[in-house]
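Here the protein sequences come in this chain order: A and B.
Position 52 of the first sequence, counted from 1, bears residue number 57 in the numbering used here, the numbering being contiguous throughout.
Position 135 of the second sequence, counted from 1, bears residue number 140 in the numbering used here, the numbering being contiguous throughout.
Protein chains: 2
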Amino acid sequence: MNHHILTDTEMVDMMRKAGLRPSAQRLAVLRYVGNSHSHPDSDEIYNEILHGFPSLSRSTVYNSLHALVEAGLVRELEIDAGNRHYDLAPQPPHAHFICRGCGTIFDMPLPDGFAPVDMQGFEIDSVDVYGKGLCPACTASPTDTKLNTNIKNTTE
Amino acid sequence: MNHHILTDTEMVDMMRKAGLRPSAQRLAVLRYVGNSHSHPDSDEIYNEILHGFPSLSRSTVYNSLHALVEAGLVRELEIDAGNRHYDLAPQPPHAHFICRGCGTIFDMPLPDGFAPVDMQGFEIDSVDVYGKGLCPACTASPTDTKLNTNIKNTTE
DNA sequence: TGCAAAATTAAGAATAATTCCAATATTATA
DNA sequence: TATAATATTGGAATTATTCTTAATTTTGCA
């Protein structure tokens, strides 16, 4: 939603407050998730921060993501079956929309006054709203060259 | 939601109307998804209908599910990352809730008057609402024996 | 009824995301 | 600085799903 850029210092503070050791790799993951706007998956994150850590392991990306999700700083999106995407958590609540043409994930406003129903006896931790369809670009050109660009991206 | 049992005849009709050939395997898959209440994943479906088809292949289950989803008779739930679950489609619209204790998926009412926001220029095909938390049983007994029962189930 | 074409099923290999594990390195602190 | 706790690596293992090909079944039609 409103994407104001977080500084490293702010992010380190967030991690500290959440009881997480702010390792360089962890910070890089959080920075990318928080400032990229792209709702990346683990592969995108891995490829993008690889620069800074030539010996980066995919395990580290997964470990960092788990730690950050666990700590409540990052949210896991299950909008794209079989591929987890990530978004910064502490934001105004919003929904997400995935385009079936290009795979891009967009922020989507929640319906006015949206509030989860409460269910007798259940403890509801979170409610996610996911939309699917076509984005403006893909509506315009169904067989666009952009098609599927974001789905299997990145070299290597 | 309201789970009235569909007869085989009704299901065959549904398939025919949707332009799908009602093979025995396909019918078995639809019958299980439609009448089991359990929001099964492909593994559960496979194991449950194996009785009737000793030579059943997992591919057939996947093929059937794809065909049924494509035809709009079955809905794919992405509530459980890395595991697709299925639900009968032509029902009053409702949300779903997954218990992080036992993995059971429950139907959940949508908030009153819930309607997707419309987004300028986007074509919205569907909007899904997924809740997470603890079901009554798991709230009562956090370290219950039932724990994780539904998550990695089935022998073989 | 009989046969060709089309569709479906089956079996298993291939793929891809994720998890697991053991070894090494880093960091925090006594 | 030594020790303990935690994090990172690398690679093997796991798991759901897809893909491929061949065999089988069904369907439409002569």
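A virtual CB, placed ideally from N, CA and C, is assigned to each residue, including glycine.
Residue i burial status per 10 Å Cβ neighbour count (16 or more: buried)
i, result
"residue 45 of chain B", "buried"
"residue 39 of chain A", "buried"
"residue 117 of chain A", "exposed"
"residue 69 of chain A", "buried"
"residue 50 of chain B", "buried"
"residue 83 of chain B", "buried"
"residue 143 of chain A", "buried"
"residue 57 of chain A", "exposed"
"residue 77 of chain A", "exposed"
"residue 75 of chain B", "exposed"
"residue 9 of chain B", "exposed"
"residue 35 of chain B", "buried"
Cβ shell of residue i (< 7 Å), same chain only, five flanking positions each side left out
i, result
"residue 72 of chain A", "25, 31"
"residue 140 of chain B", "104, 106, 107, 109, 111"
"residue 90 of chain A", "44, 45, 46, 82, 84, 110"
"residue 93 of chain B", "38, 39, 79"
"residue 1 of chain A", "As displayed, chain A neither begins before 6 nor continues past 161, which places residue 1 of chain A out of reach and without an answer."
"residue 14 of chain A", "none"
Minimum C-alpha distance to residue i - residue among the options
i, options, result
"residue 145 of chain A", "B:127, B:94, B:146, B:140", "B:127"
"residue 66 of chain A", "A:18, A:29, A:10", "A:29"
"residue 121 of chain A", "B:124, B:102, B:97, B:125", "B:102"
"residue 125 of chain A", "B:124, B:138, B:125, B:123", "B:138"
"residue 86 of chain B", "B:16, B:9, B:136, B:10", "B:136"
8 Å Cβ shell around residue i - same chain, five flanking residues per side excluded
i, result
"residue 88 of chain B", "46"
"residue 17 of chain B", "27, 32"
"residue 12 of chain B", "none"
"residue 123 of chain B", "129"
Nonlocal neighbours in the same chain, by C-beta distance under 6 Å from residue i, ignoring five residues either side
i, result
"residue 54 of chain B", "33, 37"
"residue 119 of chain A", "none"
Closer than 7 Å: residue i CB and nearest the ligand ZN heavy atom
i, result
"residue 26 of chain B", "In the structure on display, the ligand ZN does not appear, and there are no ligands present to speak of."
*Scan the region 29 to 80 of chain B and note each continuous beta strand (DSSP E) run of 3 residues or more that stays entirely inside, going in chain order.*
none
*Note down, one range per segment and in chain order, each alpha helix (DSSP H) of at least 4 residues found wholly within the region 109 to 146 of chain A.*
141 to 145
*Taking three-plus beta-carbon pairs below 8 Å as touching, is the region 16 to 26 of chain B in contact with the region 53 to 61 of chain B?*
no
*Three or more C-beta pairs below 8 Å linking the region 125 to 133 of chain A and the region 106 to 115 of chain A*: no
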